[in-house]
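Colleague: Basically the numbering used here = 1-based index in the sequence shown + 1121. Sharing a structure below in structure tokens format, with a few things to ask.
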Amino acid sequence: MSRRSGSYAVGEVMTLNPVTRRRRRRFSLASPGRRPTTFWGRWLQRRLPAADEVELGRTNLFILPTREGALFLVLLGIMLLTGINYQNSLIYLLTFLLGAFYYVGILQTHSNLSGIKLSLRNIEEGFTGSALAVDLQFIRPYQTDRPAIDLFFSGGAAHIDVRDEGQVASLAFIPPHRGAHTLPRIRIESRYPFGLFKAWTYLWLKSTALAYPRPVEPPGHLGSGWKADGEDSRTSCPNRLADDFLLRPYRTGDLPQRVQWKRFARDGQMMVLEAESRASDSLWLDYDGFPGVPGELRLSYLSWLVESCRAQDRPFGLRLPGAVLNPAAGPRHAREAQRRLAMFQGATS
């Protein structure tokens, strides 16, 4: 399986049988939320447990020759055999010098990662399908530079030269659906300084990434997701958003960012989001206000409405089956509403 696919497979062995079809055996590295299914996966998970902070050292670093390093070693073997065959002192001298160079490469490559303290600084919250930033902080020991460090994560890669204290590398994670996500493994690797050896380790983060439902603007005939404070949450209120609360025709001088361009492209009407004079009245966003709509789509509608209220600084409350968020306003309240939508378990397709 390709490394870019973002799966946890690190290698594949092809078994050929003249009678049966070709079969594959996969060595999988399970995430912290999954149980490893192979001996290699179980051993690696015991050796490298999930953590948000780790110090690299002998217990969690691996090192092997690269392809160039293996060819270099073969060349040293050929030179040694040639020196033995011809009893040539100059060939011996060159072979031993290059062998010492090879040995120094092992120490330098390993020490470039050894001692570094890695810690999770922040995992960004965001919407499904958008890139969420995962920030890792590198703390170098003894104030020594640690150049040429590569990070591979979920099919992507990043490069960092650790020259400042507390330097941060940012990776991108794209959640495929809403909810809490166990992050894929991160491979930290270095081939510094000669490229003859590769030192690497794996990092599984214990923290999870939270993805909100993707905002989808509800059609004009589905306005019952909005309820004025004091209204019965089960009462239908068609086009409440379009007719009563936030939408009005465009007037000269309105800010372009308040124009509903999607609606303009759809029906040619220039509508603008604006808080009504009754701005002190709270709105209720109700999961049951979209009858006949699949559950996941209802959450997407509510996510869009939450963002609309946040942009207008409009107080609103959120009603979900079995949970109620009391009316309030502000970015913190909107973020809490999005989190409730992200973690809601009762949606049906």
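Using N, Cα and C, we set each Cβ at its ideal position, and we do this for glycine too.
Taking the beta carbon of A1332 as the centre, do at least 16 other beta carbons fall within 10 Å, making it buried, or is it exposed?
Modeller: Under this definition A1332 is a buried residue.
Colleague: Please report the Cβ distance between S1240 and L1182, rounded to the nearest whole angstrom; I am assuming they are in contact, meaning their Cβ atoms lie under 8 Å.
Modeller: That belief does not hold up - the Cβ atoms of S1240 and L1182 are roughly 17 Å apart, past 8 Å.
Colleague: Measuring CA to CA, which of P1170, G1316, G1300, P1436 is closest to F1193?
Modeller: That would be G1316, whose Cα lies nearest to the Cα of F1193.
Colleague: For the 8 Å Cβ check, are there 3 or more pairs between the stretch 1425-1442 and the stretch 1453-1462?
Modeller: Because the criterion of three Cβ pairs below 8 Å is met, the stretch 1425-1442 and the stretch 1453-1462 touch.
Colleague: What is the C-beta distance between I1184 and H1231, in whole angstroms, given that I count them as a contact (C-beta under 8 Å)?
Modeller: Right, the Cβ-Cβ distance comes to about 5 Å (below 8 Å), so this counts as a contact.
Colleague: Over the uninterrupted beta strand (DSSP E) stretch that includes P1448, give me the two end residues.
Modeller: Per DSSP, P1448 belongs to the beta strand (DSSP E) from 1444-1449.
Colleague: Return the residue from the list E1310, S1251, L1253, A1191 that minimises the CA-CA distance to F1273.
Modeller: Residue E1310 is the option with its Cα nearest to F1273.
Colleague: Assess contact between the stretch 1249-1256 and the stretch 1292-1301, defined as three or more Cβ pairs (one per stretch) separated by less than 8 Å. Is contact present?
Modeller: Yes: at least three Cβ pairs fall under 8 Å.
Colleague: Give a yes or no on whether the C-beta atoms belonging to L1462 and L1423 are separated by under 8 Å.
Modeller: Going by C-beta atoms, L1462 is nearer than 8 Å to L1423.
Colleague: Assess, as a yes-or-no matter, whether the stretch 1200-1208 is touched by the stretch 1216-1226 under the definition of 3 or more beta carbon pairs within less than 8 Å.
Modeller: Yes, the stretch 1216-1226 is in contact with the stretch 1200-1208.
Colleague: Based on DSSP bridge pairs, tell me the residues matched to N1243.
Modeller: In DSSP, N1243 forms a bridge with D1256.
Colleague: Do Y1323 and L1165 have their CB atoms nearer than 8 Å?
Modeller: Against a cut-off of 8 Å, the Cβ pair of L1165 and Y1323 comes out as a contact.
Colleague: By DSSP, does A1227 sit in helix, in strand, or in coil?
Modeller: In the sequence under discussion, the amino acid at residue 1227 is Ile, which differs from the Ala named in the question. DSSP places I1227 in helix when its eight states are reduced to three.
Colleague: Which residues in the same chain have their Cβ closer than 8 Å to the Cβ of P1262, if we skip the five residues on either side of it in sequence?
Modeller: Same-chain partners within the cutoff: G1236, I1237, K1238.
Colleague: From Q1229 to V1175, what distance separates their C-alpha atoms?
Modeller: Distance between the alpha carbons of Q1229 and V1175 is about 21 Å.
Colleague: In three-state DSSP terms, what is S1357?
Modeller: Any reading at S1357 needs caution, since the residue's pLDDT is 34, under 50, leaving its predicted position unreliable; the model's value is listed next. Here S1357 sits in coil by DSSP.
Colleague: Report the rounded CA-to-CA distance for P1415 versus A1301, giving the unit in angstroms.
Modeller: So the alpha carbons of these two residues sit roughly 21 Å apart.
Colleague: Which residues does DSSP list as the beta-bridge partners of E1174?
Modeller: Bridge partners of E1174: S1240.
Colleague: If we ignore side chains and look at the alpha-carbon of each, how far apart do E1246 and D1173 end up?
Modeller: Those two C-alpha atoms are separated by around 17 Å.
Colleague: Among residues of its own chain, excluding the 5 on either side of W1382, which ones have a beta-carbon nearer than 7 Å to its beta-carbon?
Modeller: Contacts found: none.
Colleague: Note down, in chain order, each residue of its chain lying with its Cβ closer than 8 Å to the Cβ of G1443, except the 5 sequence neighbours on either side.
Modeller: Cβ within range, chain order: G1467.
Colleague: Determine the direct distance from the alpha carbon of F1248 to that of W1425, and round the result to whole angstroms.
Modeller: For W1425 and F1248, the distance between alpha carbons rounds to 11 Å.
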